[in-house]
Structure formats: structure tokens, C-alpha cells
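Colleague: For what it's worth, the working numbering labels the leading residue of the sequence shown as 557, then goes sequentially.
We put the CB at the ideal spot given by N, CA and C, even for glycine.
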Amino acid sequence: MKQKLHTHLEQLERSATLAINERSAEMAATGQTIYRFGFGQSPFPVPDSIVAALQKNAYRKNYLPVEGLFELRKSIAEYHQETDQIDICADGVLIAPGSKELMFTLQLALEGSTLTPSPCWVSYAPQG
């Protein structure tokens with residue numbers, strides 16, 4: 557028996573991000589110079605100071621708390637207290653690996669409409 561996919565998956569269109577990545581790979585295969593900035597890629601070398609900091613902290617390999625590193629959340633809260641006069645503490649700050657994950661999580665957690673700015677990243681609107 558063939559596994560039936562959820563109906564909402566049948567309505568999804570091809571990812572524009574993946575289409576761009578595939579097209580750039582095709583162009584590179586023909587010898588064209590391609591500078592990829594997607595998928596965490598960068599054509600620029602990592603600065604020596606960053607490499608040194610990563611090496612110094614390589615022993616810190618354990619998973620962080622789900623809400624993010626406390627020291628970082630505290631620093632962000634203090635910054636916005638001082639700069640924007642916002643009454644916020646570290647417990648009101650959430651750290652995530654990217655804006656798309658945060659936006660998706662918020663849409664799952666909160667009821668209501670989503671306003672998507674324009675221009676925006678190509679995959680923001682389809683997840684709304």
C-alpha cells in the first residue's frame with residue numbers, strides 16, 4: 557500500500573531557494589564563476605580572528621539550552637534596555653539559528669495573521 561501524503565504537502569510549490577541553488581550548480585558546471593551566498597555559503601575567507609576564537613572555544617561542543625545561551629540573551633536584553641528603552645529581561649529573549657525557523661515557530665505558537673514585508677527572502681511567503 558502506497559503511503560498517502562498529507563494534503564497540504566500536495567499544494568506546496570518547488571522551493572525557489574533550491575531552484576536557485578540547482579541553477580547556480582548548472583552554471584558552475586559550464587565553467588561560469590558563481591558566488592554563492594545561500595545555504596550559509598560565502599566566497600569570502602573567514603577572518604583570522606574568528607578562526608582563532610573558534611579554535612579557542614572548540615571544547616564547547618555541547619548543545620545549548622533551547623532558548624539560547626543565557627549570557628547572549630542577557631546581553632541582547634541589556635542592549636535593548638539601554639538603546640531602545642524597552643523593559644525586557646533575558647527570559648524575554650529567544651535565540652534561534654535563523655529567522656525562518658523563528659517565523660515558522662511563531663506561526664505555530666500564535667494564532668492570527670502574518671504580515672510579510674516586501675522585499676523578503678523567497679521562502680518567507682510560502683510558509684505563511
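Assuming G668 and L650 form a contact by the criterion Cβ under 8 angstroms, report the distance between their Cβ atoms to the nearest whole angstrom.
Modeller: The sequence position of residue 668 within the sequence shown is 112, counting from 1. The sequence position of residue 650 within the sequence shown is 94, counting from 1. 18 angstroms between Cβ atoms; not a contact.
Colleague: Along the chain, where does the alpha helix (DSSP H) containing L650 start, and where does it finish?
Modeller: Numbered from 1 along the sequence shown, position 94 holds the residue referred to as residue 650. Note, L650: premise wrong, no alpha helix (DSSP H); not H, not E.
Colleague: What residue from Y615, A614, D647, D643 has the CA that sits closest to K630's CA?
Modeller: For this step, residue 630 is matched to residue 74 along the sequence shown. With distances taken between Cα atoms, K630 lies closest to D647.
Colleague: Just tell me which of H636, K656, Q559, C645 has its CA closest to the CA of W677.
Modeller: Indexing the sequence shown from 1 puts residue 677 at position 121. If we check each option's Cα against that of W677, K656 comes out closest.
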